[in-house]
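Notes for the one structure printed next.
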Amino acid sequence: MPEARVIPLRPDDDEPHVPPRPSATWEEQVAGGLEFLSRRLTGDYETDEFGFDPDLSDHVLLPLLRPLFSRWFRVETQGVENVPATGGALVVANHSGTLPLDAMMTTVALHDDHPARRRLRLLGADLVFDLPVVGSLSRKLGSTLACNEDAERLLTGGELVGVFPEGFKGIGKPFRDRYTLQRFGRGGFVTAALRTGAPIIPCAIVGAEEIYPMIGNARTVARLLGLPYFPVTPTFPALGPLGLVPLPSKWLIAFGEPIETASYGPSAAEDPMLVFNLTDQVRETIQQSLYQLLLQRSSVFR
Amino acid sequence: MPPAVVLVTGVSRWLGGALAAELARDRAIERVIGVDTVPPSPEMLRRLGRTEFVRADIRNPLIGKVIATASVDTVVHMNISSTPAGSGGRGPMKELNVIGTMQLLAACQRASSVRRFVLKSTSAVYGASSRDPAVFTEAMQARRVPSGGFARDSLDIEGYVRSFSRRRPDVGVAALRFTNFIGPRIDSVLTHFLRMPLVPTALGYDARVQMLHEDDALAVLSRATTGDFAGTVNVGGEGTLLLSQVIRRLGRLQVPLPSPALGSLGRLTRRFGFVDYSPEQMRFLNFGRVVDTTVLREEFGYTPRYSTEQALADYASTVAPVVPPEVVAGVASRAEDLVARVGATVGAVGERLRPAPPSPGLRAVRDA
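Protein chains in written order, with my numbering: chain Z, 5 to 306; chain E, 9 to 376.
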């Protein structure tokens, strides 16, 4: 009678097989939710001087954005290795899409797809913080006002700062101008990077242009409401609130190679020619990688 | 060199009285003179110790005589009113703040004995708006210059103090820009506001609040009086909290109201002398304000003992919460128990229904 012998299932593998951690059971999820609620009710969480509320953003805001990120837009992230795991850096991206969904998707991309789960601290226009609800939610999600003081403070504190130098010119441009970068403000982001020696990471976002194709701009309405533009898309305002559903375009977010600024020294921020040159360099890089990304995409929705 | 004769204005208020009492305990100081328009409460009078109280109005030139005859060398100006409720309306408040300061400075300019001037100012001079940088340093100015109320008064006062220091360069001038005070004993705008069981706030806004514990405020004032720091310094605790968070930590209930409704509510409550919801206060409650305290720690040489969070916790020990945290914790843990029990039951039923898996040990062995 042959002796029974033990045959290892994975001969090369010395370590015992660890089964993948089962995703949280529903009891654990409910318990976590209850814990979160009781923490919220007693105010037992931390916020920072910019008004950033990591607890709320991790448990409510990011989970709300995730389905949009992975199911609706099916965002593909490229080049996260170009974003440093620690320390301050400035992510500069193109802005589009009528509503700043691109900013939120980039936040999710860096948090979920970067190994260090980095938090993107966005710089927003003053209009954002003027609005009730939107303003306070933006602060809780980690944004702050786009001004040099705040940008430099965040970068010195080792945070990853996100900026869209096109501003309203980019986000509110007509659909026929899609994927052409607008003027890059006054180069304030370059001076902030130079003063703090933080690298600039050019970031190209493809897909946001098609979510609300802006075919018209009701200037009179915009002026009445005090907004920089009032979009007219094929579905908005014709279909009312239904027009607010973004089209499910396919998104690609690519982070380019960092442009280092530390070697210029902080005094270089006073040299306008250098600031202009760097601004142009960043702008060109983003425009080039936008064209490359567009070639990778087989169609707008796939 | 420690001061010999100190004059403290606004001594009948809590902070002024506490400072005078602290200075009076210091034997190196010869005389401490307290000035106010109203006499201090008997309890305060007992604490003041050897402080000499002079009932005088700083809006009156008489103050000059007091400074000259006592040959005061250090003046601490704290008689600045932050709410119209305390001084009988906005008119008298402005007069006390601005004209009072001008009179006091005029008297100090004449008195050659004066060597040091300490101003209790406020971080309200930075205003509060959506266009503010997140953190103000001493070198920054208000993005939207406050147009009225306490902040405007404080800006004017700081302006007069600056021109005084130009005219008397031999006088060391320290301007202390305090954030909001909080603590078990002090009576401040914020403590008034947070003592209400239901706290009305503006819907859709959440301010960042930085606070300073009363003990730290006292220590900074006392150090500024006896030390030699000259210049402007922000004084605030480490860290910030959101207004909603502050209300929750105190176990109060937040009632968010649309801004216009809050405005009319404010006018109503002000008439009855309750809480001040002036437009300026509302802007603060909407946007908040945070100051950088590097100068305080590195140049002034004081690190507050309480952070904003700890100062609030100390204050919280004196107010009874409407929603006690133990209740919240109790409900949460009971709900968790329930969920665990339901989960266990469901799990057990599931086990029964599922066919038993084959014993795993046999799988690793293969027939040879």
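C-beta atoms are modelled at their ideal positions from N, C-alpha and C, and glycine is treated no differently.
Given the structure is predicted, the values throughout are model-derived calculations rather than measurements.
**Message:** Please list, in chain order, the residues of the segment 108–141 of chain Z that have any C-beta partner in chain E closer than 7 Å.
**Reply:** Asp-130, Phe-133, Asp-134, Pro-136, Val-137, Gly-139, Ser-140
**Prompt:** Name the chain E residues that come within less than 7 Å of Z:Phe-54, Cβ to Cβ?
**Reply:** For the purposes of this step, residue 54 of chain Z is taken as the residue at position 50 of the first sequence. Simply Ala-142.
**Message:** Just checking: is the beta-carbon of Z:Cys-151 within a distance shorter than 8 Å of some beta-carbon in chain E?
**Reply:** On the first sequence, residue 151 of chain Z is found 147 positions in, with the first residue counted as 1. True, the Cβ-Cβ gap to chain E drops below 8 Å.
**Asked** CA-CA distance, E:Gly-274 and E:Gly-309?
**Response** The sequence position of residue 274 of chain E within the second sequence is 266, counting from 1. The sequence position of residue 309 of chain E within the second sequence is 301, counting from 1. Cα to Cα, E:Gly-274 sits roughly 40 Å from E:Gly-309.
**Request:** Below 7 Å between beta carbons is the criterion; list the residues of the segment 228–262 of chain Z that meet it against any residue of chain E, in chain order.
**Result:** none
**Under 8 Å from the C-beta of E:Tyr-213: neighbouring residues of chain A** = Structure shown: chain A not included; protein chains present are Z and E.
**Asked** Mapping DSSP to helix, strand and coil, what is E:Pro-266?
**Response** Residue numbering aside, residue 266 of chain E sits at position 258 when the second sequence is read from its first letter. It is coil, neither helix nor strand.
**Where E:Asp-44 sits in the DSSP three-state scheme** = Here the question's residue 44 of chain E lines up with position 36 in the second sequence. Here E:Asp-44 sits in strand by DSSP.
**Request:** Count the other C-beta atoms from every protein chain shown that fall within 10 angstroms of the C-beta of Z:Phe-188, then say buried if there are 16 or more, exposed otherwise.
**Result:** Here residue 188 of chain Z refers to the residue found at position 184 when the first sequence is read from its first residue. The residue is buried, with at least 16 neighbouring Cβ atoms inside 10 Å.
**Item:** DSSP-derived helix/strand/coil call for Z:Thr-81
**Value:** Locating residue 81 of chain Z in the first sequence gives position 77, counting from the first residue. The answer is strand: DSSP assigns Z:Thr-81 an E or B state.
**Message:** Do E:Tyr-314 and E:Gly-259 count as a contact pair if the criterion is CB distance below 8 Å?
**Reply:** Here residue 259 of chain E is taken as the residue at index 251 of the second sequence, counted from 1. Here residue 314 of chain E is taken as the residue at index 306 of the second sequence, counted from 1. Not a contact, by the Cβ cut-off of 8 Å.
**Request:** Mind checking the segment 202–213 of chain Z against chain E and listing, in chain order, the residues whose C-beta falls within less than 9 Å of any C-beta there?
**Result:** none
**Request:** Could you please give me the residues that DSSP links to Z:Pro-235 through a beta bridge?
**Result:** Taking the first sequence and counting its residues from 1, the one referred to as residue 235 of chain Z is at position 231. BP columns for Z:Pro-235 point to Z:Asn-221.
**Asked** For the candidate residues E:Arg-152, E:Arg-124, E:Ala-119, whose alpha-carbon lies nearest to that of Z:Asp-130?
**Response** Locating residue 130 of chain Z in the first sequence gives position 126, counting from the first residue. If we check each option's Cα against that of Z:Asp-130, E:Arg-152 comes out closest.
**Prompt:** Which residue's Cα is closest to the Cα of E:His-85: E:Ala-32, E:Ser-325, E:Pro-264, E:Tyr-168?
**Reply:** Along the second sequence, one-based indexing puts residue 85 of chain E at 77. Ranking the options by Cα distance to E:His-85, first place goes to E:Tyr-168.
**Asked** What do you reckon, are the CB atoms on E:Ala-40 and E:Thr-59 nearer than 8 Å?
**Response** Here residue 40 of chain E is taken as the residue at index 32 of the second sequence, counted from 1. Here residue 59 of chain E is taken as the residue at index 51 of the second sequence, counted from 1. With the sequence shown as reference, residue 40 of chain E is identified as Val, and Ala is not the correct amino acid for it. Cβ distance < 8 Å, so E:Val-40 and E:Thr-59 count as in contact.
**Message:** Between Z:Ala-89 and chain E, is the shortest Cβ-Cβ distance under 8 Å, so that the two count as touching?
**Reply:** Walking along the first sequence from the start, residue 89 of chain Z turns up at place 85. Chain E contact via Cβ: absent.
**Asked** Just to confirm, are E:Thr-233 and Z:Thr-51 a CB contact at a threshold of 8 Å?
**Response** The count along the second sequence starts at 1 and reaches residue 233 of chain E at position 225. The count along the first sequence starts at 1 and reaches residue 51 of chain Z at position 47. No. Outside cutoff.
**Length at least 3, wholly inside the segment 104–172 of chain E: the beta strand (DSSP E) runs in chain order** = 124–130
**Asked** Applying the criterion that 16 or more other CB atoms from any shown protein chain within 10 Å of the CB defines a buried residue, is E:Lys-73 buried or exposed?
**Response** Position 65 of the second sequence, counted from the first residue, corresponds to residue 73 of chain E. It counts as exposed.
**Request:** For Z:Gly-189, write down the residues that DSSP places opposite it in a beta bridge.
**Result:** As a first step, residue 189 of chain Z must be located in the first sequence, where it is residue number 185. According to DSSP, Z:Gly-189 bridges with nothing at all.
**Prompt:** Could you check where the alpha helix (DSSP H) with E:Val-354 kicks off and where it finishes?
**Reply:** To locate residue 354 of chain E, count along the second sequence from 1; it is residue 346. Its alpha helix (DSSP H) spans residues 333–361.
**Prompt:** By the criterion of Cβ-Cβ separation under 9 Å, what are the contact partners of E:Pro-48 in chain Z?
**Reply:** Numbered from its first residue, the second sequence carries residue 48 of chain E at position 40. Simply none; closest approach about 36 Å.
**Asked** For Z:Glu-1, which residues in chain E fall below 7 Å Cβ to Cβ?
**Response** Not covered by the structure: residue 1 of chain Z. The range shown for chain Z is 5 to 306.
**Asked** Interface residues of chain E around Z:Arg-157 at Cβ under 9 Å?
**Response** Along the first sequence, read from residue 1 onward, the residue named residue 157 of chain Z stands at position 153. What Z:Arg-157 touches in chain E: Pro-141, Ala-142, Val-143, Asp-300.
**Asked** Just how far apart, CA to CA, sit Z:Glu-32 and Z:Glu-39?
**Response** Taking the first residue of the first sequence as position 1, residue 32 of chain Z is located at position 28. Taking the first residue of the first sequence as position 1, residue 39 of chain Z is located at position 35. Distance between the alpha carbons of Z:Glu-32 and Z:Glu-39 is about 10 Å.
**Asked** Expressed to the nearest angstrom, what Euclidean distance is found between the alpha-carbon atoms of E:Glu-222 and E:Ile-194?
**Response** For the purposes of this step, residue 222 of chain E is taken as the residue at position 214 of the second sequence. For the purposes of this step, residue 194 of chain E is taken as the residue at position 186 of the second sequence. Rounded to whole angstroms, E:Glu-222 to E:Ile-194 spans 6 Å at the Cα level.
**Item:** Rounded straight-line distance, which links the Cα of Z:Pro-270 to that of Z:Pro-88
**Value:** Working through the first sequence from its first residue, we reach residue 88 of chain Z at position 84. Working through the first sequence from its first residue, we reach residue 270 of chain Z at position 266. Approximately 21 Å between the Cα atoms of the pair.
**Asked** Under the three-state reduction of DSSP, which class applies to Z:Asn-281: helix, strand or coil?
**Response** In the first sequence, counting from the first residue as 1, residue 281 of chain Z sits at position 277. Residue state, collapsed to three classes: helix.
**Message:** Less than 8 Å between CB atoms is the rule here; does E:Leu-249 satisfy it with respect to chain Z?
**Reply:** One-based indexing of the second sequence puts residue 249 of chain E at position 241. Yes, E:Leu-249 counts as interfacial toward chain Z.
**Message:** Does the structure place the segment 178–187 of chain Z close enough to the segment 210–218 of chain Z that three or more beta carbon pairs sit under 8 Å?
**Reply:** yes
**Prompt:** Under a CB-based cut-off of 8 Å, is E:Gly-245 close to chain Z?
**Reply:** For the purposes of this step, residue 245 of chain E is taken as residue 237 along the second sequence, with counting starting at 1. Cβ-Cβ to chain Z under 8 Å: no for E:Gly-245.
**Message:** Quick check: E:Met-148 and E:Ala-210, are their CB atoms within less than 8 Å of each other?
**Reply:** As a first step, residue 148 of chain E must be located in the second sequence, where it is residue number 140. As a first step, residue 210 of chain E must be located in the second sequence, where it is residue number 202. No; because the gap between Cβ atoms is not below 8 Å, this pair is not in contact.
**Asked** Does any heavy atom of the ligand HEM sit closer than 7 Å to the C-beta of Z:Ala-129?
**Response** Absence of the ligand HEM is noted for the structure shown, with no ligands found whatsoever.
**Contacting residues, own chain, Cβ-Cβ under 7 Å from E:Gly-156 (five flanking each side not counted)** = In the second sequence, the residue the question calls residue 156 of chain E occupies position 148. Excluding positions up to five away in sequence, the list reads Glu-288.
**Prompt:** Shortest alpha-carbon distance to Z:Gln-186 belongs to which of Z:Gln-291, Z:Val-64, Z:Cys-151?
**Reply:** Residue numbering aside, residue 186 of chain Z sits at position 182 when the first sequence is read from its first letter. Minimum Cα distance to Z:Gln-186 is reached at Z:Gln-291.
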